[in-house]
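Chains U and W are the protein sequences, given in the same order.
Quick note: the first sequence uses my numbering, first residue 1, plus one each step.
Quick note: the second sequence uses my numbering, first residue 1001, plus one each step.
Think of the CB as a built atom: it goes at the ideal place given N, C-alpha and C, for glycine as much as any other residue.
Quick notes on the structure that follows.
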Amino acid sequence: DTEVTQTPKHLVMGMTNKKSLKCEQHMGHRAMYWYKQKAKKPPELMFVYSYEKLSINESVPSRFSPECPNSSLLNLHLHALQPEDSALYLCASSQEGSSRTYEQYFGPGTRLTVT
Amino acid sequence: AQSVTQLGSHVSVSEGALVLLRCNYSSSVPPYLFWYVQYPNQGLQLLLKYTSAATLVKGINGFEAEFKKSETSFHLTKPSAHMSDAAEYFCAVNSGGYQKVTFGTGTKLQVIP
């Protein structure tokens, strides 16, 4: 199984709402990633978890809160978002280790609209 | 520091024609390079990767890329374009912290029937 799943597929939320994005993989990968992708742009790295610990935070605003409950699951908690946060949110996973050759496997993304 | 430059944000080819998507990299250490494809409203899918084992890399769907150190390039090619190849293509490099991949700005491939 080389699939990364993400739910929900689409999400519309108001600026005062709290919502969560979910990501799951069963490939035994120990590195998991959150990316934000605006239209016609490449993915921008937000967070990296390695062995369930946060290893990289690319200076993301605190209204985005990641969580890695176990090695297969990755959540992104959203609170008090702004309209400019509307984007496609992609989850990815990869093998973990000292190699730079490991490719990332991406989920289909969650299309988020903040109203 | 690492970066990739994709020349041409939009490339159009006729069905059956050669596909050439350009990628040049900048890296202070030997790079590892990747090509990903993204279909509309989907995530990214790996086409191929260069990890120093061979300079000519073959990937899925008939794509291949050649690593040329002297030209700092990793161009993606396919001999004959198919309508299903229409998508956004991203070149990416990993030459720094091993968890961080830097993506190029992308090239949208249009295939004309």
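CB contact below 8 angstroms: residue i versus chain W
i, result
"E103 (chain U)", "yes"
"A87 (chain U)", "no"
"F106 (chain U)", "yes"
"V48 (chain U)", "yes"
"L21 (chain U)", "no"
"P66 (chain U)", "no"
"P69 (chain U)", "no"
"G28 (chain U)", "no"
"P8 (chain U)", "no"
"G14 (chain U)", "no"
"A39 (chain U)", "no"
"A31 (chain U)", "yes"
For residue j and residue i, believed in contact at Cβ under 8 angstroms, the rounded distance
i, j, result
"T1072 (chain W)", "Y1036 (chain W)", "Not confirmed; about 19 angstroms, so no contact."
"L81 (chain U)", "V114 (chain U)", "5 angstroms"
"H1075 (chain W)", "A1065 (chain W)", "6 angstroms"
"T1105 (chain W)", "L1020 (chain W)", "With 8 angstroms as the limit, T1105 (chain W) and L1020 (chain W) do not qualify as a contact, their Cβ atoms being about 17 angstroms apart."
"A87 (chain U)", "K36 (chain U)", "5 angstroms"
"V1101 (chain W)", "P1031 (chain W)", "That belief does not hold up - the Cβ atoms of V1101 (chain W) and P1031 (chain W) are roughly 11 angstroms apart, past 8 angstroms."
"G1043 (chain W)", "L90 (chain U)", "6 angstroms"
Proximity test, Cβ basis, 8 angstroms: residue i and chain U
i, result
"F1103 (chain W)", "yes"
"G1008 (chain W)", "no"
"G1016 (chain W)", "no"
"F1074 (chain W)", "no"
Close Cβ partners of residue i (< 7 angstroms) along its chain, the five nearest in sequence each way excluded
i, result
"E103 (chain U)", "S94"
"Q1045 (chain W)", "Y1036, V1037"
"S1052 (chain W)", "P1030"
Own chain partners of residue i with C-beta closer than 6 angstroms, once the 5 adjacent residues on each side are dropped
i, result
"L1007 (chain W)", "R1022"
"K1108 (chain W)", "H1010, E1088"
"H79 (chain U)", "K18, R63"
"N75 (chain U)", "S20, K22, E67"
"P1113 (chain W)", "E1015"
Delimiting residues of the beta strand (DSSP E) encompassing residue i
i, result
"H10 (chain U)", "10-13"
"R111 (chain U)", "110-114"
"Q1110 (chain W)", "1107-1112"
"M27 (chain U)", "Counting along the chain, M27 (chain U) falls outside any beta strand (DSSP E), and DSSP gives it neither H nor E."
"I56 (chain U)", "53-57"
"A46 (chain U)", "Inspection of the sequence shows that residue 46 (chain U) is occupied by Met rather than by Ala. Note, M46 (chain U): beta strand (DSSP E), 44-50."
"Y1116 (chain W)", "Absent from the structure is residue 1116 (chain W), since the part of chain W shown begins at 1001 and ends at 1113."
Residue i at chain B interface by Cβ criterion, 8 angstroms
i, result
"S93 (chain U)", "No chain B appears in this structure, whose protein chains are U and W."
Neighbourhood of residue i by C-beta, 8 angstroms cutoff - its chain only, sequence neighbours within 5 removed
i, result
"L11 (chain U)", "K19, L21, T110, R111, L112, T113"
"S50 (chain U)", "R30, A31, E96"
Are the region 1012-1020 of chain W and the region 11-28 of chain U touching, with three or more C-beta to C-beta distances below 8 angstroms?
no
Does the region 4-24 of chain U come close enough to the region 35-46 of chain U that 3 or more CB-CB pairs lie under 8 angstroms?
no
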